[in-house]
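Novice:
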Amino acid sequence: MSHSRRDFSILRIPCTKPGCNRWFKNKSGYTQHTNAVHPLLSAAPLHAEPSQSTSTSQPHPDDPSQFNRLPSPIFNGDIDPIQSDGAGEEDHSEIPCSAQSPTPAEFFGAGDRLYRNYHPSLTGRPCDPEGNFLPPGALPLPPSAKSTDDWTPYRDRLEFELADYTFTKNQTPAAQINHLLELWAASLIRAGTDSSQVLFTDHRDCDVKWQSFSVKYAGDIPDEGPTPWMTESYDVWFCDPHQVVQNMLANPDYAAEVDLRPYREFATETDEHQWQDFMSGDWAWNQADQIAEDPATHGSTFVPVILGSDKTTVSVATGQNNYYPLYASIGNVRNNMLGFLAMPKTTKQHTKTAIFRRFHRQLFHSSLSFILQNLKPGMTKPEVVHFGDGHYRRVIDGLGPYIVDYKEQVLLACIVRSWCAKCTSNSKALDTNNLLCSRVHTDTLIEECDHGMLWDEYGIIAQLPFTNDYPQADIHELIAPDLLHQIIKGAFKDHLVAWVEKYLVMTHGQARANIILDDIDRRIAAAPAFSGLRRFPQGRNFKQWTGDDSEALMKVYLPVLEGYVPTDIICAFCALLEFCYLVCCNVITETSLKEIDDTVACFHQYREIIKDSDVVSTFSLPRQHSIKHYNTLIRLFGAPNGLCSSITESKHIKAVKEPWRRSSRYKALGQMLMTNQCLDKLTASRQDFYARRMLNGTCLTSVLAALNTQAPGEHDHTGQHEPPVFIPELSTKLHIPNLANLVQWFLFEQSNPKDTRDPTEVPLLEFPHYRSQISVFNSASSTFHAPSDLSGIGGMKHEHICACPLWRNESARNDCVFVITDSNTCGMQGMDVARIMAFFSLRQHGRQIPCAVVHWFDRVGNVPDPDTGMWMVKPAFSAQNTPHFAIIHIDTIFHAAHLIPVFGMTPLLSR
């Protein structure tokens with residue numbers, strides 16, 4: 001397929017000074033910029049250290065990427081970057097030769113609003129199955145043709161649909177599957193079917209074995225005899241990670257989502273650096289630099305293997321109820337079950353003994369090292385791998401970030417609890433600025449210091465982590481940010497929310513504090529319903545918290561505190577919530593990083609009131625301290641929401657808990673592994689059959705079509721709609737007497753968009769009269785881009801906005817929305833808030849117009865509340881003190897707005 005050449009006329013000449021990313025149309029602009037911003041005061045070597053110009057921000061103290069910034073981007077194309085728009089008559093002698101360096105850059109996204117610097121060496125070039133690079137533009141080998149009636153490994157569609165239904169949709173236990181198949185086989189045989197034509201004999205037709213190994217304690221036995229755990233054998237089950245990674249790369253469903261090259265992304269207009277997906281981070285780029293030191297790796301694709309592990313409980317009953325799944329992913333594509341790690345158990349008497357803890361650590365690290373060993377050869381020598389787009393490419397594997405909560409960070413980094421796994425700060429003063437931990441530093445300390453000094457002075461346990469067995473792997477660097485446990489469950493719920501309760505008790509006494517806390521619970525319960533928001537009918541006083549519960553509480557907790565705690569505590573909550581919002585964005589820019597640092601500083605300032613009130617004695621807490629490292633982690637790994645433990649926790653349901661419930665509970669792990677393997681096979685089969693268009697229609701219609709028979713009762717179903725109504729009927733229903741006049745004015749505005757007259761100035765004869773019926777709807781769906789990602793579909797959000805007269809058989813629900821009233825103004829200044837009274841559509845001049853009846857809200861002031869940082873609004877009323885209603889086009893609605901009452905000092909009455 002031929003492609004037209006992109007017009008680069010506006011971005012011909014880049015500035016080549018280190019750290020500067022400005023581009024210019026011609027040599028004149030380049031020269032003026034050089035003289036103004038980079039004056040040549042004295043001769044300097046070509047590769048001097050980058051200077052700090054006025055256009056660059058100060059480097060973050062923990063950010064290593066600020067000290068190896070690449071030159072400005074050069075377009076890798078046929079256009080000479082220093083040629084002018086004319087015939088090339090200008091003198092180019094003053095343009096530095098480094099302007100033609102081979103660092104490629106390409107526009108990206110809609111409207112050329114972004115450009116990317118791609119790594120110049122690890123370029124992901126296609127090759128043939130033998131590893132020989134193909135010429136540019138070469139097409140992949142065509143896939144092997146498969147017949148549209150080849151249902152392998154099933155005999156036909158009926159077998160596949162049955163297996164998919166019992167294993168995936170109905171999640172039938174094995175014993176019940178066997179019973180169902182026996183009944184079906186009996187019915188078929190009685191109907192005259194040959195017994196050899198029965199679909200499955202039993203569930204074991206889908207069995208695929210995993211690999212496993214056993215580990216046993218081999219150390220010294222105490223004189224008094226072995227403890228129970230010393231004689232146990234611990235089984236570890238796993239899939240070959242090498243094959244898992246290759247299967248991910250070969251999956252055609254993800255062919256367009258795999259980033260083949262590390263890159264750095266900038267805004268075209270401002271040259272501002274931004275981070276999004278994992279491969280946009282500096283860690284992937286730095287790893288590619290190290291790999292590229294070997295010329296044999298040039299042209300390869302770097303594939304970082306992201307790991308995550310998290311213990312989970314499947315039941316509170318007796319017996320084995322805890323499992324330790326290990327997950328793997330590449331880049332930000334998806335997660336896969338990789339294995340189940342062993343969980344050694346012993347009696348309470350021996351749980352905290354040093355020898356058992358040492359065995360636990362050794363079991364954990366040796367198991368990981370063994371599981372991942374098949375990846376090691378591909379970390380130094382490229383391997384040829386088939387990709388989902390049909391091409392072969394050389395691949396270099398590497399160990400990427402590890403997603404764990406703090407308890408497992410301690411185990412993973414071999415540190416003492418209460419110390420930080422990322423930096424060298426002392427556990428008693430974590431927030432002091434210190435250097436980042438490194439593999440070299442830790443290994444040196446282990447060699448030079450005794451165990452007691454390591455433990456007391458450095459918080460290090462004399463155990464080498466599994467990453468030491470692999471090249472270019474530093475466990476301290478690889479520990480990923482964890483929004484769920486560090487921020488949402490940690491700093492917010494376990495710290496601030498708990499501290500507020502303790503503050504109220506210390507300030508008012510237990511009895512008065514209980515009254516206040518009850519009112520806070522009533523305020524939380526009174527929060528209006530909102531799309532996607534979890535409700536708290538009984539407040540927040542319940543025992544079993546989930547991540548979703550904590551996230552939902554964050555959205556309503558700040559306004560319910562006002563009036564009961566000092567302003568500084570409100571500001572501390574506000575700063576933490578703002579920090580959480582910023583780091584959860586899909587795209588994070590340099591400006592965002594500065595805002596993140598500012599919110600951290602504000603949070604540290606305002607939280608001091610908690611310590612001054614003797615609620616806590618220190619803020620030297622690992623999860624609180626982790627906030628300081630997010631600037632560095634974002635630069636290294638991209639937006640944190642792609643590396644959160646909520647990803648692994650969400651996998652527990654499908655990979656662990658549901659398979660466990662389908663097991664017999666006796667030696668359940670083997671049954672769980674079989675279930676997972678069958679589900680993977682069914683998913684792969686469905687993808688294959690769907691790609692070949694073999695799943696059109698239903699199983700019944702496909703069988704009847706083969707027999708040239710029509711399905712019983714088959715006919716065309718048209719959508720059923722509510723009966724249309726006239727405007728006076730809707731006016732009576734909504735208690736809006738002048739609704740007909742509002743519709744007339746709305747239609748006049750639609751036909752005369754440039755008319756600026758007030759409705760009272762327009763003669764009645766000019767108003768269109770609408771006497772036809774209208775269709776009323778109870779909800780509408782809104783699809784919009786997140787403000788942090790306007791360049792692509794990564795930030796697309798979808799929500800339902802309701803205007804129901806009866807919601808869940810209780811009461812009416814009328815959601816509020818943001819309405820764009822000034823498209824030239826950003827933020828709240830360009831929007832107003834309104835409450836949806838009804839959605840309806842009408843027809844004018846042969847076209848359907850979707851509308852909404854709204855009740856406007858007025859802003860209280862032109863700036864947010866200084867304490868909470870939230871805007872305040874109040875219902876709008878006309879001059880006659882009647883509600884201000886209007887009709888708006890549905891396209892002016894941006895998305896839903898969640899309004900929470902300003903509670904003040906007045907307690908809510910209990911129901």
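In the UniProt record's numbering, the protein residues as written are 1 to 911. All residues carry an ideal CB built from backbone N, CA and C; glycine is no exception. Small disclaimer: the values here were computed from a predicted structure and weren't measured.
1) Since residue 912 is in the beta strand (DSSP E), which residue starts that stretch and which ends it?
2) Would you mind giving the Cβ-Cβ distance between GLN773 and VAL725, rounded to the nearest angstrom? I have them listed as a contact below 8 angstroms.
3) Could you tell me the alpha carbon to alpha carbon distance between MET672 and GLY400, rounded to whole angstroms?
4) Is GLY124 buried or exposed, if buried means 16 or more other CB atoms sit within 10 Å of its CB?
5) At which residues does the alpha helix (DSSP H) containing LYS733 begin and terminate?
6) Whole alpha helix (DSSP H) runs in the stretch 210-242 with 4 or more residues, listed along the chain?
7) In whole angstroms, what separates the C-alpha of ASN778 from that of HIS735?
8) For SER617, is the classification buried or exposed, using 16 other Cβ atoms within 10 angstroms of its Cβ as the cut-off for buried?
9) Please report how far the alpha carbon of THR756 lies from the alpha carbon of HIS845, in whole angstroms.
10) Exposed or buried, what is LEU577 when buried is set at 16 or more other beta-carbons lying within 10 Å of its beta-carbon?
11) Are there 16 or more other CB atoms within 10 angstroms of the CB of LEU183, so buried, or fewer, so exposed?
12) Which residue comes first and which comes last in the beta strand (DSSP E) that contains ASP112?
13) In three-state DSSP terms, what is LYS667?
14) Assuming the contact rule is C-beta atoms closer than 8 angstroms, HIS273 and GLU590 should be a hit. Round their C-beta distance to whole Å, please.
15) Tell me the DSSP secondary structure of TYR564 in three-state form.
16) What is the residue span of the alpha helix (DSSP H) that VAL899 lies within?
17) In the DSSP assignment, what are the bridge partners of PHE777?
18) Give the DSSP-derived three-state secondary structure of THR312 in the structure shown.
19) Of all the options LYS381, MET230 and SER418, which has the alpha carbon lying nearest to the alpha carbon of LYS345?
20) According to DSSP, which residues form a beta bridge with VAL305?
21) Would you say ALA480 and ILE403 are within 8 angstroms of each other, going by their C-beta atoms?
22) Relative to the C-alpha of ASP289, which residue among PHE302, LEU682 and PHE278 is closest?
23) With DSSP as the reference, label VAL860 as helix, strand or coil.
24) Going by the beta-carbon positions, is the gap between ILE487 and LEU412 smaller than 8 angstroms?
25) Looking at C-beta atoms only, is the number of pairs between the stretch 461-477 and the stretch 357-370 that lie closer than 8 angstroms three or more?
26) Note down the Cα distance separating ALA292 from GLU383, rounded to an integer number of angstroms.
27) Distance, Cα to Cα, THR892 vs PRO252?
28) With a threshold of 6 angstroms on Cβ separation, who are the neighbours of PRO102 within its own chain once the five nearest residues in sequence on each side are excluded?
29) Which of the three DSSP states is assigned to GLN83 in this structure?
30) Sorted by chain position, which residues of the same chain lie with C-beta nearer than 6 angstroms to HIS898's C-beta, five sequence neighbours on each side aside?
31) For LYS733, which option in GLY827, LEU643, VAL853 and SER685 has the closest C-alpha, if you only look at C-alpha atoms?
32) Enumerate in chain order the residues of its own chain whose CB-to-CB distance from GLY459 is below 7 angstroms, with the five nearest sequence positions on each side excluded.
33) Should VAL863 go down as buried or exposed, given a rule of 16 or more other Cβ atoms within 10 Å for buried?
34) Measuring only the C-alpha atoms, how far is ILE801 from GLN276?
35) Would you check if there are 3 or more beta carbon pairs closer than 8 angstroms linking the stretch 305-315 to the stretch 492-510?
36) Per DSSP, which residues does THR783 bridge with? Please list them.
Specialist: With the structure as the only source:
1) Since the displayed the chain opens at 1 and closes at 911, residue 912 lies outside it and no answer follows.
2) In the sequence shown, residue 773 corresponds to position 773, counting from 1. In the sequence shown, residue 725 corresponds to position 725, counting from 1. About 6 angstroms separates the two Cβ atoms, so the contact holds.
3) For the purposes of this step, residue 672 is taken as the residue at position 672 of the sequence shown. For the purposes of this step, residue 400 is taken as the residue at position 400 of the sequence shown. Spanning the two alpha carbons is a distance of roughly 27 angstroms.
4) For the purposes of this step, residue 124 is identified with residue 124 of the sequence shown, where counting begins at 1. Sixteen is the threshold: when 16 or more other Cβ atoms of the shown chains lie within 10 Å of the Cβ of GLY124, as they do, the residue is buried.
5) Here the question's residue 733 lines up with position 733 in the sequence shown. 727-734 is the extent of the alpha helix (DSSP H) around LYS733.
6) 228-231
7) Taking the first residue of the sequence shown as 1, we reach residue 778 at position 778. Taking the first residue of the sequence shown as 1, we reach residue 735 at position 735. Going by the C-alpha atoms only, they are around 17 angstroms apart.
8) Within the sequence shown, the letter at position 617 stands for residue 617. That one is exposed.
9) Counting from one through the sequence shown, the residue named residue 756 turns up at place 756. Counting from one through the sequence shown, the residue named residue 845 turns up at place 845. Cα to Cα, THR756 sits roughly 23 angstroms from HIS845.
10) Counting from 1 along the sequence shown, the entry for residue 577 is found at position 577. Buried: at least 16 other Cβ atoms inside 10 Å.
11) In the sequence shown, counting from the first residue as 1, residue 183 sits at position 183. LEU183 comes out exposed.
12) As a working mapping, residue 112 is identified with position 112 in the sequence shown. From DSSP, ASP112 is part of no beta strand (DSSP E); its letter is neither H nor E.
13) If you number the sequence shown from 1, residue 667 lands on position 667. In the structure shown, the three-state DSSP call for LYS667 is coil.
14) On the sequence shown, position 273 is the one that residue 273 refers to. On the sequence shown, position 590 is the one that residue 590 refers to. At roughly 5 angstroms, the Cβ-Cβ gap stays under 8 angstroms, so HIS273 and GLU590 are in contact.
15) Here residue 564 is taken as the residue at index 564 of the sequence shown, counted from 1. DSSP places TYR564 in coil when its eight states are reduced to three.
16) For the purposes of this step, residue 899 is identified with residue 899 of the sequence shown, where counting begins at 1. Looking at the sequence shown, residue 899 is not Val but Leu. In the DSSP annotation of this structure, LEU899 is not part of any alpha helix (DSSP H), being labelled neither H nor E.
17) What you label residue 777 is simply residue 777 of the sequence shown in a count that begins at 1. Per DSSP, the beta bridge partners of PHE777 are PHE839.
18) In the sequence shown, the residue the question calls residue 312 occupies position 312. Of the three classes helix, strand and coil, the one that applies to THR312 here is strand, per DSSP.
19) The residue given as residue 345 occupies position 345 in the sequence shown. Ranked by Cα distance from LYS345, the first of LYS381, MET230 and SER418 is MET230.
20) Translated into positions along the sequence shown, residue 305 becomes position 305. The partner list for VAL305 (beta bridge, DSSP) reads ILE330 and LEU399.
21) For the purposes of this step, residue 480 is taken as residue 480 along the sequence shown, with counting starting at 1. For the purposes of this step, residue 403 is taken as residue 403 along the sequence shown, with counting starting at 1. Against a cut-off of 8 angstroms, the Cβ pair of ILE403 and ALA480 comes out as a contact.
22) Working through the sequence shown from its first residue, we reach residue 289 at position 289. Comparing Cα-Cα distances from ASP289 to each of PHE302, LEU682 and PHE278, the minimum goes to PHE302.
23) Residue numbering aside, residue 860 sits at position 860 when the sequence shown is read from its first letter. Here VAL860 sits in coil by DSSP.
24) Taking the sequence shown and counting its residues from 1, one reaches residue 487 at position 487. Taking the sequence shown and counting its residues from 1, one reaches residue 412 at position 412. In this structure, LEU412 does not lie closer than 8 angstroms to ILE487 by Cβ.
25) yes
26) Along the sequence shown, read from residue 1 onward, the residue named residue 292 stands at position 292. Along the sequence shown, read from residue 1 onward, the residue named residue 383 stands at position 383. In a straight line, the C-alpha of ALA292 is about 15 angstroms away from that of GLU383.
27) By one-based count along the sequence shown, residue 892 stands at place 892. By one-based count along the sequence shown, residue 252 stands at place 252. Rounded to whole angstroms, THR892 to PRO252 spans 38 angstroms at the Cα level.
28) In the sequence shown, residue 102 corresponds to position 102, counting from 1. Residue confidence is low: PRO102 scores 49 on pLDDT, short of 50, so the model does not pin down where it sits. No coordinate-derived value is stated.
29) Position 83 of the sequence shown holds residue 83. The predicted model places GLN83 with a pLDDT of 37, which falls under 50 and marks its position as unreliable; any figure quoted below should be read in that light. DSSP places GLN83 in coil when its eight states are reduced to three.
30) Along the sequence shown, one-based indexing puts residue 898 at 898. Within the same chain, HIS898 has close Cβ partners PHE530.
31) Mapped onto the sequence shown, residue 733 falls at position 733. When C-alpha distances from LYS733 are compared across GLY827, LEU643, VAL853 and SER685, the shortest belongs to VAL853.
32) Position 459 of the sequence shown, counted from the first residue, corresponds to residue 459. Hits under 7 angstroms: ILE415, VAL416, TRP419 and SER427.
33) The sequence position of residue 863 within the sequence shown is 863, counting from 1. Per the 10 Å Cβ criterion, exposed.
34) The residue given as residue 801 occupies position 801 in the sequence shown. The residue given as residue 276 occupies position 276 in the sequence shown. The straight-line gap separating the alpha-carbon atoms of ILE801 and GLN276 is approximately 29 angstroms.
35) The stretch 305-315 and the stretch 492-510 do not touch, with fewer than 3 CB-CB distances between them shorter than 8 angstroms.
36) Position 783 of the sequence shown holds residue 783. Bridge partners of THR783: HIS798.
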